[in-house]
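Input: a single structure, listed below in structure tokens.
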Amino acid sequence: EPEVTQTPSHQVTQMGQEVILRCVPISNHLYFYWYRQILGQKVEFLVSFYNNEISEKSEIFDDQFSVERPDGSNFTLKIRSTKLEDSAMYFCATFGTGLYGYTFGSGTRLTVV
Amino acid sequence: QKEVEQDPGPLSVPEGAIVSLNCTYSNSAFQYFMWYRQYSRKGPELLMYTYSSGNKEDGRFTAQVDKSSKYISLFIRDSQPSDSATYLCAMRDNYGQNFVFGPGTRLSVLP
Chain A
4 EPEVTQTPSH
14 QVTQMGQEVI
24 LRCVPISNHL
34 YFYWYRQILG
44 QKVEFLVSFY
54 NNEISEKSEI
64 FDDQFSVERP
74 DGSNFTLKIR
84 STKLEDSAMY
94 FCATFGTGLY
104 GYTFGSGTRL
114 TVV
Chain B
359 QKEVEQDPGP
369 LSVPEGAIVS
379 LNCTYSNSAF
389 QYFMWYRQYS
399 RKGPELLMYT
409 YSSGNKEDGR
419 FTAQVDKSSK
429 YISLFIRDSQ
439 PSDSATYLCA
449 MRDNYGQNFV
459 FGPGTRLSVL
469 P
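Here the protein sequences come in this chain order: A and B.
So for the first sequence, this note's numbering puts the first residue at 4; every next one is plus one.
So for the second sequence, this note's numbering puts the first residue at 359; every next one is plus one.
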């Protein structure tokens, strides 16, 4: 069964550092998303990406965040200057036409110290 | 009022029990309803989806949507210890691409 692959599985970074989280979507899916889940809290929408541009973003997705699909395969989330409160699980999800639900990756656990 | 609400649990049941998990929501425009299962430190896994109102059955799982009451349910028959996980409901309207998730209900099925 096709999978969404995320790397790294766990990243520890110092406050103020930049991090890039990577996702390899399912090959024929066209819609890409980032969600985050702070420990013990609900899954929160960050951003959706379609046709090489952001189609929707939440209030959480401020100027510190950016997304891109640099090489047509990887889908990345960059946090420019991490804060302690950015510590969370970050999930990439993809969505194919004709389907109803996302396929999620296993997530990247980001720990900001 | 939060957009999607779930009882966070934990809900503990003996093996073989019928489990009922529920979500309520406030946005009457929601049309697509999903149930995801999330094991600890893993990504959510799609279990069931329904469009608009009605029931859907898949093996031991049944999803119900009552749009008039803004209430959805997931029933698990003959529950197994492997069903122990957090169950998330998620929903969206016809136009938005992103799903709104409930906070999840933690289920423990005891052998």
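The beta carbon of each residue, even a glycine, is placed where N, CA and C say it ideally should be.
If you're wondering where the values come from, they're calculated on a predicted model, not measured in any experiment.
For this session: Mind reading off the beta-carbon distance from Q455(B) to S58(A)? Whole number of angstroms is fine, and I expect it under 8 Å.
Result: 6 Å
For this session: Grab me the residues of P372(B)'s own chain with a C-beta within less than 7 Å of its C-beta, minus the 5 sequence neighbours each way, in chain order.
Result: A distance below 7 Å between beta-carbons, with the five flanking residues on each side excluded, links P372(B) to the following residues of its chain, in chain order: L468.
Problem set entry | Residues that K414(B) contacts on chain A, provided the C-beta gap is smaller than 8 Å | Chain-order list of chain A residues neighbouring K414(B): empty, with the shortest C-beta distance near 11 Å, by a criterion of under 8 Å.
For this session: Closer than 7 Å by beta-carbon distance: list the chain B residues that pair up with V46(A), in chain order.
Result: P402, L446 and F459
Exercise. Ordered along the chain, which non-local residues of its own chain (more than five positions away) have a Cβ less than 8 Å from that of V46(A)?
Worked result: Contacts found: Y38, R39, Q40 and F94.
For this session: Count the other C-beta atoms from every protein chain shown that fall within 10 angstroms of the C-beta of D436(B), then say buried if there are 16 or more, exposed otherwise.
Result: exposed
Problem set entry | Coil, strand or helix - P372(B) by DSSP | strand
Problem set entry | Distance, I430(B) Cα to M392(B) Cα | In this structure, the straight-line span from the alpha carbon of M392(B) to that of I430(B) is close to 9 Å.
Exercise. Mind checking whether R464(B) and P366(B) have CB atoms under 8 Å apart?
Worked result: yes
Problem set entry | T114(A) versus P11(A) - alpha carbon distance | Between the alpha carbons of T114(A) and P11(A) lies a distance of about 12 Å.
Exercise. At least one CB of chain B closer than 8 Å to the CB of E59(A): is that the case?
Worked result: yes
Exercise. Which residue from F98(A), I29(A), G43(A) and R25(A) puts its Cα closest to that of T111(A)?
Worked result: R25(A)
For this session: For N77(A), collect the residues of the same chain with a Cβ closer than 8 Å to its Cβ; drop the 5 residues on either side in sequence, then sort them by chain order.
Result: R25, C26 and V27
Problem set entry | Close-in-space but distant-in-sequence residues of the same chain around P461(B) (CB under 7 Å, 5 per side omitted) | Q364 and P366
For this session: Mind checking the region 26-39 of chain A against chain B and listing, in chain order, the residues whose C-beta falls within less than 9 Å of any C-beta there?
Result: Y34, Y36 and Y38
Problem set entry | With 16 other Cβ atoms within 10 Å as the buried cut-off, status of V116(A) | exposed
Problem set entry | Contact under 8 Å by Cβ, Y445(B) with R395(B) | Against a cut-off of 8 Å, the Cβ pair of R395(B) and Y445(B) comes out as a contact.
Exercise. Considering only residues of the same chain and omitting the five flanking positions on each side of T97(A), which have a CB-CB separation below 6 Å?
Worked result: V7, P28, I29, H32, F35 and T106
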